[in-house]
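By the UniProt record's numbering, the letter at position 157 of the sequence shown is numbered 157, and the numbering carries on one by one without gaps. Beta carbons: idealized from backbone N, C-alpha and C, even for Gly. The next block holds one structure in the form of structure tokens; read it before the comments.
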Amino acid sequence: MRAAVKRVLAVPLRPLVAVPIFKRVSFHLKRISGDVDLHFFRTLLLAVIGFVFVAAFLVTVFEVEKRSLHGLGDSFYWAVTTVIGSGDSSYVNSPAGFIIGWLLAFFGVAIVATLTAALVGFVIDYLLKEGQGMGAAGYENHIVVCGWNSTARELIEELRGDEFTSKIVLVHDTESNPAGMGVYFVRGDVTNSHDLERAGIAQASAAIVFPADGSNEADMRSILAVLAIESMAPEVRTVVEVNNPKHVEHFERAHADEILVTSTLASRLLARSALYPGLAELITDIVSGGDGSELYRVALPDDYVDLTTDELSARLRQDHEATLLAVVRDGVTVANPKADFRLRPGDDAVVVAESLGSLSPLDHGNALERDEPVLSDQPHAIPAVPVAPNRWRRAPSAS
Numbered sequence: 001m002r003a004a005v006k007r008v009l010a011v012p013l014r015p016l017v018a019v020p021i022f023k024r025v026s027f028h029l030k031r032i033s034g035d036v037d038l039h040f041f042r043t044l045l046l047a048v049i050g051f052v053f054v055a056a057f058l059v060t061v062f063e064v065e066k067r068s069l070h071g072l073g074d075s076f077y078w079a080v081t082t083v084i085g086s087g088d089s090s091y092v093n094s095p096a097g098f099i100i101g102w103l104l105a106f107f108g109v110a111i112v113a114t115l116t117a118a119l120v121g122f123v124i125d126y127l128l129k130e131g132q133g134m135g136a137a138g139y140e141n142h143i144v145v146c147g148w149n150s151t152a153r154e155l156i157e158e159l160r161g162d163e164f165t166s167k168i169v170l171v172h173d174t175e176s177n178p179a180g181m182g183v184y185f186v187r188g189d190v191t192n193s194h195d196l197e198r199a200g201i202a203q204a205s206a207a208i209v210f211p212a213d214g215s216n217e218a219d220m221r222s223i224l225a226v227l228a229i230e231s232m233a234p235e236v237r238t239v240v241e242v243n244n245p246k247h248v249e250h251f252e253r254a255h256a257d258e259i260l261v262t263s264t265l266a267s268r269l270l271a272r273s274a275l276y277p278g279l280a281e282l283i284t285d286i287v288s289g290g291d292g293s294e295l296y297r298v299a300l301p302d303d304y305v306d307l308t309t310d311e312l313s314a315r316l317r318q319d320h321e322a323t324l325l326a327v328v329r330d331g332v333t334v335a336n337p338k339a340d341f342r343l344r345p346g347d348d349a350v351v352v353a354e355s356l357g358s359l360s361p362l363d364h365g366n367a368l369e370r371d372e373p374v375l376s377d378q379p380h381a382i383p384a385v386p387v388a389p390n391r392w393r394r395a396p397s398a399s
């Protein structure tokens with residue numbers, strides 16, 4: 001019976017269920033319903049119906065001489081309307097009838113008070129659980145941040161920029177939300193499937209995993225988190241911060257999509273900045289939101305197909321005031337492609353621009369679909385970033 005009711009209500013309620021707030025309310029209702037004694041409520045309902053029926057029977061007996069109510073059916077209808085507050089007191093004329101009417105009225109007030117108290121209790125429980133991170137996000141195409149450290153704090157501040165519209169969900173085992181307003185907080189273990197499910201990992205566009213500290217144990221826990229995410233939602237793009245470069249191969253085995261060793265990146269950037277002053281400031285500027293030029297990966301129009309590198313650079317500069325840095329082909333990024341490099345259908349471009357005009361940055365889902373790994377047609381390509389050898393490559397030499 002319960003399953004049939006769910007099927008009947010599923011179609012008209014589907015638009016409401018898709019709204020995050022209704023998903024959260026539904027989650028808490030399911031949570032509370034698990035602790036509800038259905039036998040008690042069935043017994044209570046039968047007792048209420050029995051009380052109203054007995055009252056209707058007594059009114060029929062006591063009012064038989066007055067003939068105000070014609071039969072048990074009219075008496076039962078009057079009793080029900082009296083309970084809900086719309087009964088007509090002129091229907092009864094005997095002292096016993098008045099007493100029964102008052103009892104039914106008080107009974108109705110008690111029922112309303114009980115229902116109001118239950119509703120208020122649910123709202124309070126909902127607000128408390130939501131504040132404690134015990135709810136469910138209910139978002140779609142959002143970004144799930146797994147774990148918390150100083151890097152995660154900076155990332156969320158960056159994602160709060162005006163150009164980023166994705167909702168953010170933080171999964172972290174702490175009493176309060178460390179990210180503050182604007183970030184939905186799920187208190188839990190990043191390796192626990194139930195907690196990841198509450199964060200809506202299957203509906204997310206990307207998941208970013210952060211180690212709790214700089215230890216090797218934190219990396220091991222991040223690997224478990226990546227494994228949990230990949231097992232539940234393999235189509236979700238997984239980005240992970242790694243402490244120890246020696247652990248990169250383990251993250252690759254766990255099928256992490258993007259692996260970033262912050263210590264390696266920082267040391268190489270510092271070295272380049274020492275040799276070539278201003279590089280650190282430049283790179284920080286183009287990868288940050290706000291004013292100035294930024295780094296984008298964009299899908300190219302069909303009429304760009306078969307253009308050479310120089311022709312593509314000129315078109316991007318002319319049409320969109322964008323500077324070409326690399327071309328992404330079959331999940332492999334070719335930085336600074338050679339002059340005879342020609343675009344193929346499905347190729348994307350990595351550009352630096354203040355605005356893209358008619359071009360639009362790829363979202364997480366489209367980028368993941370276009371990055372399906374295939375055999376590269378450039379066998380001599382040299383990896384430029386060791387932590388992601390299948391993602392970034394220099395253009396092959398002319399030989």
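As computed with DSSP, E258 is found in a beta bridge with V239. In the structure shown, the three-state DSSP call for I84 is coil.
Taking each of I229, H247, V209 in turn and checking the Cα distance to I156, the smallest one comes out for V209. A distance of 9 Å or more separates the beta carbons of M232 and E281. Restricting attention to V248, L170, G346, D195, the CA atom closest to the CA of F185 is found in L170. The beta strand (DSSP E) runs of length 3 or more contained entirely in the stretch 193 to 256 are, from start to end of the chain, 206 to 209, 237 to 242. Assignment of F341 by DSSP, reduced to helix, strand and coil, places it in the coil class.
Residues T308, T309, D310 of the same chain have their beta carbon placed closer than 8 Å to that of A339, with the five preceding and five following residues left out of the count.
When Cβ pairs closer than 8 Å are counted between the two stretches, the stretch 235 to 244 is seen not to touch the stretch 172 to 179, the count staying below three. Residue pairing by DSSP places F122 in no beta bridge whatsoever.
L295 is bridged by DSSP to V352. By the Cβ rule, the stretch 347 to 356 counts as touching the stretch 299 to 306, because three or more pairs are nearer than 8 Å.
With fewer than three CB-CB distances shorter than 8 Å, the stretch 84 to 91 does not count as touching the stretch 117 to 130. Residue pairing by DSSP leaves R42 without any beta bridge partner. When rounded, the separation of the alpha-carbon atoms in N243 and A228 is 19 Å.
The beta carbon of N216 sits closer than 8 Å to the beta carbons of N243, N244, H247 from its chain, once the five residues preceding and following it are set aside; these are given in chain order.
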